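S.K.: In order, the protein sequences belong to chains A and B.
Mapping to this note's numbering: the first sequence position 101 is 282, numbers consecutive.
Mapping to this note's numbering: the second sequence position 82 is 85, numbers consecutive.
Note that CB positions come from ideal geometry on N, CA and C, so glycine has one too.
Just so you know, these numbers come straight off a predicted model, no measurement behind them.
Shown below is the structure under consideration.
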Amino acid sequence: MTVTSPEPFRIPGYDFAAPTEREATASLARVFGAERGAAVWSKACADAGVAEGRVTSDDIGRVADALAREGGACAAVGRSIHIRMRTHQRLAAKRAELQPRGMA
Amino acid sequence: MTAPADPLHDAARLAEIAELGLLTDSADPILADIATRAATALGLPVSLVSVVLDEALHVAAAHGIEPLWLNETLGHPVEWSFCARSVHTREAYVVENARHDPEHRANPLVTEDGVRCYAGVPLISSRGFVLGNLCVVGLEARTFTTGEIEQLRTLADEAVARIEARRPV
Numbered sequence: 182m183t184v185t186s187p188e189p190f191r192i193p194g195y196d197f198a199a200p201t202e203r204e205a206t207a208s209l210a211r212v213f214g215a216e217r218g219a220a221v222w223s224k225a226c227a228d229a230g231v232a233e234g235r236v237t238s239d240d241i242g243r244v245a246d247a248l249a250r251e252g253g254a255c256a257a258v259g260r261s262i263h264i265r266m267r268t269h270q271r272l273a274a275k276r277a278e279l280q281p282r283g284m285a
Numbered sequence: 004m005t006a007p008a009d010p011l012h013d014a015a016r017l018a019e020i021a022e023l024g025l026l027t028d029s030a031d032p033i034l035a036d037i038a039t040r041a042a043t044a045l046g047l048p049v050s051l052v053s054v055v056l057d058e059a060l061h062v063a064a065a066h067g068i069e070p071l072w073l074n075e076t077l078g079h080p081v082e083w084s085f086c087a088r089s090v091h092t093r094e095a096y097v098v099e100n101a102r103h104d105p106e107h108r109a110n111p112l113v114t115e116d117g118v119r120c121y122a123g124v125p126l127i128s129s130r131g132f133v134l135g136n137l138c139v140v141g142l143e144a145r146t147f148t149t150g151e152i153e154q155l156r157t158l159a160d161e162a163v164a165r166i167e168a169r170r171p172v
C-alpha cells in the first residue's frame with residue numbers, strides 16, 4: 182500500500198499537524214506489528230466505507246470510529262487519533278479567533 | 004507477539020485501558036472528585052486523572068480545566084504529555100519549573116499555554132499496567148514536598164480502586 186499526502190498545515194507555536202493516514206498506520210504498526218497493523222487498518226477502512234490509501238483528513242475520523250468499535254487496543258489507537266484530530270481543530274480555531282478580521 | 008520495547012505502544016496495556024472503560028468522554032464523578040481534592044490539597048488550579056494512550060493523553064476526569072482548550076479536546080498529543088514519563092519509569096514525576104527544564108522548555112504546553120509546574124503519580128492497575136497519572140498542574144514555578152507527593156499517591160490509590168471497581172467480571 183502506498184500512502185501519499187500533501188504537506189499538512191501545522192499550527193504555529195504548537196508545530197502540530199492533523200493526523201494522517203500515514204501516521205495512523207505507523208501507530209498501528211507500533212502497537213500490533215507491521216503485518217497485523219496493516220490488516221487492522223484495512224478492516225477499519227472497509228468498515229468505515231473509506232478507500233484505503235486515500236484516507237483524507239475528513240475521512241480519518243470515520244476510520245477512527247471503526248477502530249473504536251473493534252474494542253481493546255484498537256479502540257485506544259482510535260481514541261488517540263480522535264484526540265489528535267480534536268486538538269488540531271481546536272487549536273486551528275483558536276488561532277483563527279486571534280486573527281484580525283479581514284485577514285486570511 | 005512480544006510486547007514492544009516502549010510500553011506506550013504495548014497492546015496489552017492499551018487493551019487494559021479499554022477494558023477498564025477509560026476511553027469515554029463522560030467523566031466519572033468520583034474520579035472528578037479525586038481530581039478536585041488533589042488540586043485543593045496542593046493549592047494548584049488544575050488536576051487531571053490522565054490516561055496515557057499510544058499517541059495521546061486522554062483526560063478521564065479533571066478539575067479546573069473549564070477555561071482551557073483542554074476542556075474541549077479532553078486530551079492532547081502524547082509528545083506534549085508530562086504524564087507519559089511515568090509509563091516508562093512507573094514512578095512519580097515532578098517538574099518544578101518547566102521553563103528551565105531541558106525536557107519541557109520547548110513543550111508548547113509551556114511556551115504557548117503557560118504550564119510551569121507539574122507533579123504526577125502513576126495509576127497502576129492490579130495487572131501491573133501504568134494506565135496514566137493523577138497529576139496537578141500550575142502556572143507558576145513551585146517546589147513539591149515529599150509529603151505532597153504522598154498526598155497525591157494516597158489519592159491515586161483511591162482512583163485506581165475506583166477504576167478497578169469498573170472492571171468487567
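1) Where does the unbroken alpha helix (DSSP H) through B:Asn74 begin, and where does it stop?
2) Which whole-angstrom value describes the C-beta separation of B:Leu23 and B:Arg170, a residue pair presumed to lie in contact below a C-beta threshold of 8 angstroms?
3) In chain A, which residues lie with their C-beta within 7 angstroms of the C-beta of B:Ile20?
4) Mapping DSSP to helix, strand and coil, what is A:Ile264?
5) Does the Cβ-Cβ distance between B:Leu137 and B:Val118 come in under 7 angstroms?
6) Buried or exposed for B:Asp57, please, with buried defined as at least 16 other CB atoms from any protein chain shown within 10 angstroms of its CB.
7) Do you know how far the Cα of A:Val221 is from the Cα of A:Ala256?
8) Check the Cβ-Cβ distances between A:Gly194 and every residue of chain B, and say whether any is below 7 angstroms.
9) Within 10 angstroms of the Cβ of A:Arg203, are there 16 or more other Cβ atoms? Answer buried if so, exposed if not.
10) So what does DSSP say about A:Ala285, is it helix, strand or coil?
11) Is there a Cβ from chain A that is less than 7 angstroms from the Cβ of B:Ala65?
12) With contact counted as at least three CB pairs below 8 angstroms, one residue from each stretch, are the region 25 to 41 of chain B and the region 60 to 75 of chain B in contact?
13) List the endpoints of the continuous beta strand (DSSP E) containing B:Val49.
14) Can you give the beta carbon distance from B:Glu167 to B:Ser128, rounded, assuming they're within the 8 angstroms contact cut?
15) Is it the case that the region 252 to 272 of chain A contacts the region 225 to 242 of chain A, given that we only count it when at least three CB pairs across the two stretches are under 8 angstroms?
16) Alpha carbon to alpha carbon, how far is B:Leu73 from B:Ala122? Give it in angstroms, no decimals.
17) Is B:Cys138 near the ligand HEM, with its Cβ less than 6 angstroms from a heavy atom?
18) Do the region 240 to 250 of chain A and the region 39 to 53 of chain B make contact, defined as three or more Cβ pairs closer than 8 angstroms?
19) Rounded to a whole number of angstroms, what is the C-alpha to C-alpha distance between B:Trp120 and B:Thr76?
20) Whole angstroms are fine: how far does the CA of B:Asp28 sit from the CA of A:Ala274?
21) Using a Cβ-Cβ distance under 7 angstroms, would A:Ala225 count as near chain B?
22) Please report how far the alpha carbon of A:Ala285 lies from the alpha carbon of A:Gly194, in whole angstroms.
M.R.: For this structure:
1) Leu73 to Thr76
2) 6 angstroms
3) Ala257
4) helix
5) no
6) buried
7) 11 angstroms
8) yes
9) exposed
10) Only weak support exists for where A:Ala285 lies, its pLDDT of 42 falling under 50; the value from the coordinates is given anyway. Here A:Ala285 sits in coil by DSSP.
11) no
12) yes
13) Val49 to Val55
14) 7 angstroms
15) yes
16) 18 angstroms
17) Judged by which ligands are present, the structure shown has none, so any question about the ligand HEM falls away.
18) no
19) One point to set straight first is that residue 120 of chain B is Cys, not Trp, in the sequence displayed. Going from the Cα of B:Cys120 to the Cα of B:Thr76 covers about 21 angstroms.
20) 21 angstroms
21) no
22) Interpretation of A:Ala285 is limited by its pLDDT of 42, a score under 50 that renders its predicted location unreliable; no figure is taken from the coordinates.
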